[in-house]
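Residue numbers (our numbering): 5 to 395. Every residue, glycine too, gets a C-beta built ideally from N, C-alpha and C. First comes the structure, then the notes that go with it.
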């Protein structure tokens with residue numbers, strides 16, 4: 005897969021740092037340099053789960069605790085998904101680590117204890133081999149913003165159960181263009197979306213061929229209901245105008261989010277610590293809240309990403325109505341979509357104005373939405389607040 009870290013003379017711009025060990029030797033991992041792609045890294049050990057975080061100013065990780073929670077949850081779901089798989093895994097864990105370890109992997113703290121030292125080790129090694137990664141506190145705020153965009157890193161966690169291998173990958177965070185970005189809507193269904201399984205990386209390969217410099221994402225829709233669910237590597241949101249009745253209800257209600265979603269997000273994001281909108285924007289925001297709603301798939305039907313969690317929390321804080329129903333193709337075709345965006349750790353909140361439906365040659369331009377811009381700005385401001393310092 006890679007070469008020993010001592011051979012740093014062969015480093016290229018795309019060289020990543022990989023830290024790897026068996027489940028029973030995590031305190032003495034290998035450190036490797038690797039030039040393979042992200043997909044190749046994941047598919048080397050396909051029998052497992054993964055999640056990818058990002059740095060903020062290189063020294064912090066966005067929503068790090070959430071990723072430890074995701075690893076524990078995804079792994080538990082993946083193992084339970086197949087009884088043969090579970091029996092084999094249980095036998096191996098008992099043989100290697102003892103019976104007491106059978107439930108430890110279900111706890112986020114188990115993964116935090118393993119990965120936190122690895123993250124520090126990997127980021128330091130990455131900075132050592134890539135001289136352009138530097139932290140300069142004397143750079144002006146505008147220049148620092150550009151510098152941060154160049155030096156940020158992806159932090160990918162991969163856990164295999166056959167063989168029992170744990171890996172961490174530090175790689176350059178690559179940014180696509182942000183202007184005139186298009187989404188293609190295609191038929192497709194993701195098996196067990198709540199668990200981030202490596203098998204999905206292989207399943208999505210054909211659809212990834214549709215991506216280009218202007219096609220930022222492919223969003224799946226159910227072939228029977230024609231309801232949009234999620235992107236290949238993102239969550240999907242639409243802005244729709246509220247009816248008169250819904251508009252009145254939104255003014256009377258302090259929050260339109262179901263209590264179970266609110267409670268879940270409070271736990272994941274550490275309570276209600278998001279800043280309210282600034283006073284000078286209150287009147288404009290009130291008008292938007294009165295007339296528009298955010299529409300997105302129910303969290304139970306998709307892989308709920310870190311940024312999706314933050315967006316829903318922002319909507320709760322700002323009293324923006326969220327409708328948990330998958331956006332429909334018919335609503336797009338009848339002009340009900342007046343704004344849209346996708347979210348992921350690398351994109352944060354990316355507004356989408358242009359859609360292409362399946363293999364059709366025509367495009368649908370829905371234009372931009374001030375509500376999307378508001379949410380985009382709020383998330384950008386919150387990234388640092390929800391980041392954990394690791395260096």
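query	result
Neighbourhood of residue 204 by C-beta, 7 angstroms cutoff - its chain only, sequence neighbours within 5 removed	194
Where residue 221 sits in the DSSP three-state scheme	strand
Exposed unless 16 or more other CB atoms sit within 10 angstroms - verdict on residue 337	exposed
Boundaries of the alpha helix (DSSP H) in which residue 374 is found, first to last residue	374-386
Sheet register partners of residue 201 (DSSP bridge)	53
Cβ neighbour criterion (16 or more within 10 Å) applied to residue 103	exposed
Neighbourhood of residue 344 by C-beta distance below 7 angstroms, restricted to the same chain and skipping five residues each side	241, 242, 243, 356, 370
DSSP-derived helix/strand/coil call for residue 89	helix
Close-in-space but distant-in-sequence residues of the same chain around residue 235 (CB under 6 angstroms, 5 per side omitted)	221, 223, 346
Segment contact, 8 angstroms Cβ cut-off, at least three pairs: the stretch 164-178 with the stretch 76-95	yes
From 155, 112, 106, 170, residue whose alpha carbon lies closest to that of residue 122	170
First and last residue of the uninterrupted alpha helix (DSSP H) at residue 42	42-47
8 angstroms Cβ shell around residue 302 - same chain, five flanking residues per side excluded	328, 329, 330
Straight-line gap, residue 2 to residue 198 (C-alpha atoms, nearest Å)	The chain is shown only over 5 to 395; residue 2 falls outside these bounds and no answer can be derived.
Exposed unless 16 or more other CB atoms sit within 10 angstroms - verdict on residue 45	buried
Beta-bridge partners of residue 190, as assigned by DSSP	224
For residue 358, three-class secondary structure by DSSP	strand
The stretch 51-62 in contact with the stretch 18-35 per 3-pair CB rule at 8 angstroms	no
One or two residues paired with residue 27 in a DSSP bridge	According to DSSP, residue 27 bridges with nothing at all.
Coarse secondary structure for residue 231, derived from DSSP in three states	strand
Which of helix, strand or coil DSSP assigns to residue 69	helix
For residue 324, the nearest candidate out of 340, 16, 48, 292 (CA to CA)	292
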